[in-house]
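In this note's numbering, the protein residues as written are 724 to 1539.
The beta-carbon is built from N, C-alpha and C at its ideal position, and this holds for glycine as well.
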């Protein structure tokens, strides 16, 4: 902790005295003034950017913005020759060369007229026709086009179309490069809303781009072995009142409905926005597991009826050219009902048959409150920003279990209440030291507290094998993280690099029934480095390194039973320790006429791996316990290839291939022999090590039939892969879609036929802890129909500028 506080002190001493409170001698004497007006309307243009550059135009010296009446004045300019520019969204840039000397130090340029750009911008941000992939310094950016948004109603529906990303259709869990240890952010912010629920609430048409940050720099939190997925939403940059609405229906076995409305009013110094979105649907899942050793069949049937609503209200207040304040709140409401049956049939001894009926009523609410203040200094790009974000999450679950047949347990109910709070405080400082160098510094405090209360009307075995009332459990998990980071980047000619370091002090406490169950405290340093070489506009090479950490999540540490069937129960492990990863990457991008191709390789060295462990229940030898544990060091590696290409004006192709392999370790227990009364002596412990190798192939074709009609064909194939418990069979599907634009592009109708051959199914063969085979099905075969429409007051006109958008830190508009 002392090392972090020392770094905090050093950071403030280096930032504030030199950049905020310092008063430099006034050696500049000249000034430039004038008035900016619209060429057609002859009206003043307020808040246009006025920029003073060096004579060669390569370096920005200073700048300002026009006032409400269009006037501007830039003072304290030394003698010399400058490039003078006026910039404003939707207008052609005005540029001219000026000279300040002894005989002419105060230049009045009079009236400067700006002409509208030849192509007027739409009322809201224009969505690209086709999806493109861009390799940046520390991330891969998928710019989402209309061809991809046709794929489905929500972010969850299009995630499987993104290179290296997979979404479990049953649970909604997301993985990156085959690993679930990934952080999902929206506009650079974490949410307390469960990821699966969050992705289903974001309309696909609201997504501007998806950033895959697989090797994040030291500026980012180091959680997640796979890195970060950041969903960037469209922002409304228009003056006046503007908005959009989306509505969609997915019809499978059951119907799913989603809609959203996004409103924005921008004028003068204020930008006010709000939106509402919902997702209402019924979901059907089923599956079977055949245990060959005892000739038994488990048959699962589950049904869920879920409703979720999301509200967002925010305001951006532009005090002046230097200071911006933004606040917003997200309010999320979820209500779910579910029921299911697990039917276990023993073909050789029907007296052992058992069926468990399950009913579930659950709800959760989430409130997010965000405050952001940004101060811009005189030098372009030089700023300091403070952000405070508080998120509170509450959930309740009432579950009823009823069993018939051979079961020692009478009917019972479980009650689980969860409260989770997290508070982030960030202070970021950016200083472009010169035209080729940039320094970034930051401080962060993060506090997490989760409390889970569990009670039950059921019975459980005690250590003597007797049935007793299930005891109540109160589990509290606290984690406080204090961190500081510094990054330095520089570019010259064809080379650029960035180096950084982050230091974190972490304190973890876990209490079960007010008894300390686990305590951990550690300080870690997380370095990062990037090197990029661009010999030409067509070629780019990059190598990078970062250190990551996987801190155990609540599901992994919670000792309260997560779920149960007649033969298996899932619990967390409060004593789990963090898993650390050293990640190395190399990427190459080639741009050519009509498209580009990006390829890369990665390698991860993993210590204290967190993985699944399967134990025989010592209190009931017929049952298994599924939990987590730490294992020895391991490694992972992979290869990725993605490309977009337009062979003709009417045909565009996006394709990707990703391959990954990881050595996984775990523990599996099973019973040996056929003893009717097994004891602990019959338990066989197996230390398992498997090489899990998997690959995915995606191919998306978009065909422009007319200016208004576009067709789409998407194919996906996931190869066979092995985990500790089983060998997963290949999965594949084909989607067909169509999109029709109307009302001069303001409206869009989309139709999609997903998994048209009904082939998407999870099948597996297992040999641990028992020889088994089975499969699970969901409603992948469905038809989606969607409508989106944009409306508003018109063009990017007076009282608006691009720099204001940058100052809002992507808080304006969009769901979440």
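Asked, Found
"Starting from residue 1407, follow its DSSP beta bridges and name the residues at the other end.", "1393"
"Distance check for residue 830 and residue 759, CA to CA, integer angstroms please.", "15 Å"
"Return the Cβ separation of residue 1492 and residue 1395 in integer angstroms, given the expectation that the two are a contact with Cβ distance under 8 Å.", "That belief does not hold up - the Cβ atoms of residue 1492 and residue 1395 are roughly 11 Å apart, past 8 Å."
"Measure the CB-CB distance between residue 1165 and residue 942 and report whether it falls below 9 Å.", "yes"
"Who are the near neighbours of residue 1155 in its chain, counting only those whose CB is closer than 7 Å to its CB and skipping five residues on each side?", "1102, 1104, 1105, 1161"
"Do residue 1447 and residue 1515 have their beta-carbon atoms positioned less than 9 Å apart in this structure?", "no"
"For the candidate residues 859, 854, 858, 1405, whose alpha-carbon lies nearest to that of residue 1557?", "Here the chain has residues from 724 to 1539 only, and residue 1557 is not among them."
"Which residue or residues does DSSP assign as beta-bridge partners of residue 1140?", "1119, 1176"
"Return yes when the Cβ of residue 947 is within less than 9 Å of the Cβ of residue 1273, no when it is not.", "yes"
"For the alpha helix (DSSP H) holding residue 1015, just list the boundary residues, first then last.", "Per DSSP, residue 1015 belongs to no alpha helix (DSSP H) and is neither H nor E."
"Assuming residue 1263 is part of the beta strand (DSSP E), what are its boundary residues?", "1262–1273"
"For residue 1137, count neighbouring Cβ atoms within 10 angstroms of its own Cβ and tell me buried if that reaches 16, exposed if not.", "buried"
"So is residue 1451 buried or exposed if we call it buried at 16+ other beta carbons inside 10 Å?", "buried"
"Taking the beta carbon of residue 750 as the centre, do at least 16 other beta carbons fall within 10 Å, making it buried, or is it exposed?", "Residue confidence is low: residue 750 scores 46 on pLDDT, short of 50, so the model does not pin down where it sits. Its coordinate-derived value is still stated next. Classification of residue 750: exposed, given that the 10 Å Cβ count is below 16."
"Expressed to the nearest angstrom, what Euclidean distance is found between the alpha-carbon atoms of residue 1244 and residue 1231?", "6 Å"
"Could you name the residues of the same chain whose beta carbon sits closer than 6 Å to that of residue 1496, not counting the 5 residues immediately before and after it, in chain order?", "1013, 1488"
"Checking 9 Å against the spacing of the C-beta atoms, do residue 883 and residue 949 come in under that value?", "no"
"Between the stretch 1406–1415 and the stretch 1428–1440, do at least 3 Cβ pairs fall closer than 8 Å?", "no"
"What did DSSP end up calling residue 1086 once you bin it into helix, strand or coil?", "strand"
"DSSP state of residue 880, grouped into three classes?", "helix"
"Counting only the same chain and skipping the five closest in sequence on each side, list residues whose C-beta sits under 6 Å from that of residue 986.", "966, 997"
"Kindly indicate the opening and closing residues of the alpha helix (DSSP H) around residue 1349.", "It is not in any alpha helix (DSSP H) - residue 1349 instead sits in the beta strand (DSSP E) that spans 1347–1353."
"So what's residue 1548 in DSSP terms, helix, strand or just coil?", "The first residue shown for the chain is 724 and the last is 1539, placing residue 1548 beyond what the model contains."
"Since residue 1279 is in the beta strand (DSSP E), which residue starts that stretch and which ends it?", "Note, residue 1279: premise wrong, no beta strand (DSSP E); alpha helix (DSSP H) at 1277–1280."
"Select from 1035, 1040, 786, 1000 the residue whose C-alpha is nearest the C-alpha of residue 1051.", "1035"
"By the 10 Å Cβ neighbour count, where 16 or more other Cβ atoms means buried, how is residue 1374 classified, buried or exposed?", "exposed"
"Checking contacts by CB at 9 Å: is residue 822 closer than that to chain D?", "As a matter of chain content, chain D is missing from the structure shown, which is built from one protein chain."
"Quick check: the Cα distance between residue 930 and residue 877, rounded to an integer number of angstroms?", "9 Å"
"Rounded to the nearest angstrom, what separates residue 1091 and residue 1202 at their Cα positions?", "19 Å"
"Is it buried or exposed for residue 1081, if we count other Cβ within 10 angstroms and need 16 for buried?", "buried"
"If we count the other Cβ atoms within 10 Å of its Cβ and call it buried at 16 or more, is residue 1432 buried or exposed?", "exposed"
"Counting only the same chain and skipping the five closest in sequence on each side, list residues whose C-beta sits under 7 Å from that of residue 1256.", "1217, 1218, 1264"
"DSSP state of residue 1127, grouped into three classes?", "strand"
"Considering only the alpha carbon of each residue, which of 1030, 1011, 1029, 1027 lies closest to residue 1021?", "1011"
"Given a threshold of 16 other Cβ atoms within 10 Å of its Cβ, counted over all protein chains shown, does residue 826 qualify as buried or as exposed?", "exposed"
"Return helix, strand or coil for residue 894, following the three-state DSSP convention.", "coil"
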